[in-house]
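Comments concern the structure below.
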């Protein structure tokens, strides 16, 4: 898949990335709500505090 002008590779149609924080990071809760979801990894937002 080609990158767009921002340098970010777009997702395939029908795909969605979800960024969670707080209680939404519970793998058990996520599995219950979205059983087909796949773990992709951890990240952070530069200069962002909660």
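In this note's numbering, the protein residues as written are 4 to 53.
C-beta atoms are modelled at their ideal positions from N, C-alpha and C, and glycine is treated no differently.
All of these numbers come straight from a predicted model, not from anything done at the bench.
* Asked: Along the chain, where does the alpha helix (DSSP H) that runs through residue 40 open and close?
  -> Taken as a continuous stretch (DSSP letters only), residue 40 belongs to no alpha helix (DSSP H), as it is neither H nor E.
* Using beta-carbon positions only, say whether residue 20 and residue 43 come within less than 9 Å of one another. => yes
* Could you check the C-alpha separation between residue 35 and residue 46 for me, to the nearest Å? => 22 Å
* Asked: Which residues in the same chain have their Cβ closer than 8 Å to the Cβ of residue 14, if we skip the five residues on either side of it in sequence?
  -> Taken in chain order, the residues that qualify are 20.
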